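Asks: Counted from 1, the sequence shown has number 357 at position 163 by my numbering; the numbering is strictly sequential. By construction, the Cβ of each residue, glycine as well, lies at the ideal position given by its N, Cα and C atoms. Treat the numbers as computed from the prediction; the structure is a model and nothing was measured. Sending over a structure as structure tokens; questions will come in a sec.
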Amino acid sequence: MRLPVVGRHTNVACRPPTERPHANLVELCVREVSMKLLIVEGNPRDLIADGCPAYAKNFEATLSAIDSSLEFTVVEPFDAPLNDDDMDAIRGVVFTGSSVEAAMDAPECAPQREAMELVFRHGLPSWGSCAGLQLAATVLGGKIGASPKGVEVGLARELVLTETGQGHAMMAGRPTHDFAVPCIHRDEVQRLPSGAALLAHNDHCPVQAFAYETGNVDFWGTQYHPELTPRVIATGLRRLGGAEDLGQLLESAEHDEASAAALGGRRAALAMPERATELANWLGHVRDQCF
Numbered sequence: 195m196r197l198p199v200v201g202r203h204t205n206v207a208c209r210p211p212t213e214r215p216h217a218n219l220v221e222l223c224v225r226e227v228s229m230k231l232l233i234v235e236g237n238p239r240d241l242i243a244d245g246c247p248a249y250a251k252n253f254e255a256t257l258s259a260i261d262s263s264l265e266f267t268v269v270e271p272f273d274a275p276l277n278d279d280d281m282d283a284i285r286g287v288v289f290t291g292s293s294v295e296a297a298m299d300a301p302e303c304a305p306q307r308e309a310m311e312l313v314f315r316h317g318l319p320s321w322g323s324c325a326g327l328q329l330a331a332t333v334l335g336g337k338i339g340a341s342p343k344g345v346e347v348g349l350a351r352e353l354v355l356t357e358t359g360q361g362h363a364m365m366a367g368r369p370t371h372d373f374a375v376p377c378i379h380r381d382e383v384q385r386l387p388s389g390a391a392l393l394a395h396n397d398h399c400p401v402q403a404f405a406y407e408t409g410n411v412d413f414w415g416t417q418y419h420p421e422l423t424p425r426v427i428a429t430g431l432r433r434l435g436g437a438e439d440l441g442q443l444l445e446s447a448e449h450d451e452a453s454a455a456a457l458g459g460r461r462a463a464l465a466m467p468e469r470a471t472e473l474a475n476w477l478g479h480v481r482d483q484c485f
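In structure tokens form, the structure reads like this:
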């Protein structure tokens, strides 16, 4: 899919790094020039008022832990449409997950789709987690639907990189197989958009990560949630009336190796910085575009 270009944003003050940060999260440096990101909140205000997460706050916390110089602007398309003026000085855009009942291809989610179409027209590097990934698949011509295997919740386990994923910058630092990241989702990408690159999958979900880098669209995303702690997943699980024993394991997984192992993961992999590997790589990618 090719969208008309409004104009790719550049900043002559941003310089290409002398060394790409993707392979080493610990040494991801804070550049002397701050960078502003736009976060597109996936939950409407009424859901947040009813106790659903403001997912933008989770992204702010995780991205700031990677790079404390970042600046953020949050927009809420369900409550106010995104417009071209919102793109001023923005270097990258994040589409969060969502707690809305409707799928991202439903009429009710048109405001989110319109926001993503506008971002793609501007040619900005963009990221999507969970519903954000499904949103991109929909906008770019793929197909989404409810997983025939039901809800995947807790950790996306035994993740496997495709051959393309093993060579893609988004996955630098990940093992080729058998890693786990927090997740909670009902829907999934069931057919990739033409031109998309499948990067990761597991037995539950055929599309756990993909990139679309065609024409003026620069999108990376995951079905799982590298921005969320296991504790946040536990809160969401309890809100949905999920199993308390699973919730307790998620509550302690970042600090207790036995709990992490019972979930199918490793304690260190569920904590920063390893949990957010893909997001650190994406920030490096955004920086690389900013000169």
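For M229 and P271, I'd like the C-alpha separation in whole angstroms.
Replies: Reading the sequence shown from its first residue, position 35 is the one you call residue 229. Reading the sequence shown from its first residue, position 77 is the one you call residue 271. Rounded to the nearest angstrom, the two C-alpha atoms are 22 angstroms apart.
Asks: Return the bridge partner residues of D412 from the DSSP annotation.
Replies: Looking up residue 412 in the sequence shown gives position 218. DSSP lists P319 and E407 as partners of D412.
Asks: Any Cβ of chain D within less than 8 angstroms of the Cβ of A340?
Replies: In summary, chain D is missing from the structure at hand, where a single protein chain is found.
Asks: In whole angstroms, what separates the C-alpha of A330 from that of V287?
Replies: Here the question's residue 330 lines up with position 136 in the sequence shown. Here the question's residue 287 lines up with position 93 in the sequence shown. Those two C-alpha atoms are separated by around 12 angstroms.
Asks: Look up I338 in the DSSP assignment and give the residues it is bridged to.
Replies: Position 144 of the sequence shown, counted from the start, is the residue given in the question as residue 338. Looking at the DSSP assignment, I338 forms a beta bridge with V383.
Asks: Which residue marks the beginning of the alpha helix (DSSP H) containing A455, and which one marks its end?
Replies: Numbered from its first residue, the sequence shown carries residue 455 at position 261. E451 to L457 is the extent of the alpha helix (DSSP H) around A455.
Asks: Distance check for F404 and S263, CA to CA, integer angstroms please.
Replies: Position 69 of the sequence shown holds residue 263. Position 210 of the sequence shown holds residue 404. Whole-angstrom Cα-Cα distance: 28 angstroms.
Asks: So, using beta-carbon positions, are D397 and E352 closer together than 8 angstroms?
Replies: Position 203 of the sequence shown, counted from the first residue, corresponds to residue 397. Position 158 of the sequence shown, counted from the first residue, corresponds to residue 352. Closer than 8 angstroms, so yes.
Asks: Go to E448, then tell me how far its beta strand (DSSP E) extends in each direction, as first and last residue.
Replies: On the sequence shown, residue 448 is found 254 positions in, with the first residue counted as 1. Taken as a continuous stretch (DSSP letters only), E448 belongs to no beta strand (DSSP E), as it is neither H nor E.
Asks: Suppose you measure from the CA of D273 to the CA of A452; what does that come to, to the nearest Å?
Replies: Counting from 1 along the sequence shown, the entry for residue 273 is found at position 79. Counting from 1 along the sequence shown, the entry for residue 452 is found at position 258. So the alpha carbons of these two residues sit roughly 43 angstroms apart.
Asks: Let me check understanding here. Comparing Cα to Cα, which of G335, V268 and E407 lies closest to A363?
Replies: In the sequence shown, residue 363 corresponds to position 169, counting from 1. Checking every option, the nearest Cα to that of A363 belongs to E407.
Asks: Closest by CA to A250, which one among W321, A283 and H395?
Replies: Stepping through the sequence shown from its first residue, residue 250 is reached at position 56. Of W321, A283 and H395, the residue nearest in Cα terms is W321.
Asks: I'd like the list of long-range same chain contacts for T256, defined as Cβ closer than 6 angstroms, with 5 residues on each side in sequence excluded.
Replies: Translated into the one-based positions of the sequence shown, residue 256 becomes position 62. If we look at T256 and ignore the five residues flanking it on each side, its Cβ neighbours are E421 and A470.
Asks: Short of 7 angstroms in beta carbon distance, which residues of its chain neighbour R239, apart from the five on each side in sequence? Order them along the chain.
Replies: Taking the first residue of the sequence shown as position 1, residue 239 is located at position 45. Once the five neighbours on either side are set aside, the close Cβ partners of R239 are E270 and D273.
Asks: Quick check on the DSSP output: the alpha helix (DSSP H) that includes F253 runs from which residue to which?
Replies: The residue you call residue 253 lines up with position 59 of the sequence shown. Unbroken alpha helix (DSSP H) run through F253: Y249 to I260.
Asks: Suppose you measure from the CA of D244 to the CA of T370; what does that come to, to the nearest Å?
Replies: One-based indexing of the sequence shown puts residue 244 at position 50. One-based indexing of the sequence shown puts residue 370 at position 176. Going by the C-alpha atoms only, they are around 40 angstroms apart.
Asks: Grouping DSSP H, G and I as helix and E and B as strand, with all else coil, what is C377?
Replies: Here residue 377 refers to the residue found at position 183 when the sequence shown is read from its first residue. DSSP places C377 in strand when its eight states are reduced to three.
Asks: May I have the straight-line CA-CA distance separating A248 from A350, to the nearest angstrom?
Replies: By 1-based counting over the sequence shown, the position of residue 248 is 54. By 1-based counting over the sequence shown, the position of residue 350 is 156. Rounded to the nearest angstrom, the two C-alpha atoms are 22 angstroms apart.
Asks: Please state the DSSP three-state secondary structure of A217.
Replies: Walking along the sequence shown from the start, residue 217 turns up at place 23. Model confidence at A217 stands at a pLDDT of 40, short of 50, so the residue's coordinates are unreliable and nothing is read from them.
Asks: Give the range of the alpha helix (DSSP H) segment to which R351 is assigned.
Replies: Position 157 of the sequence shown, counted from the first residue, corresponds to residue 351. Per DSSP, R351 belongs to no alpha helix (DSSP H); it is in the beta strand (DSSP E), E346 to L355.
Asks: Is the separation between the beta-carbon of A394 and that of V354 shorter than 8 angstroms?
Replies: Locating residue 394 in the sequence shown gives position 200, where the first residue counts as 1. Locating residue 354 in the sequence shown gives position 160, where the first residue counts as 1. Yes, they are a contact pair.
Asks: What is the DSSP secondary structure of E468, counted as helix, strand or coil?
Replies: As a working mapping, residue 468 is identified with position 274 in the sequence shown. Three-state DSSP puts E468 in a helix.
Asks: Under 6 angstroms Cβ to Cβ from G458, same chain only, skipping five residues before and after it: list those, please.
Replies: For the purposes of this step, residue 458 is taken as residue 264 along the sequence shown, with counting starting at 1. Cβ within range, chain order: L349, R351 and A374.
Asks: Compute the Euclidean distance between the alpha carbons of T423 and L464, then round it to the nearest angstrom.
Replies: Locating residue 423 in the sequence shown gives position 229, where the first residue counts as 1. Locating residue 464 in the sequence shown gives position 270, where the first residue counts as 1. Cα-Cα distance, rounded: 7 angstroms.
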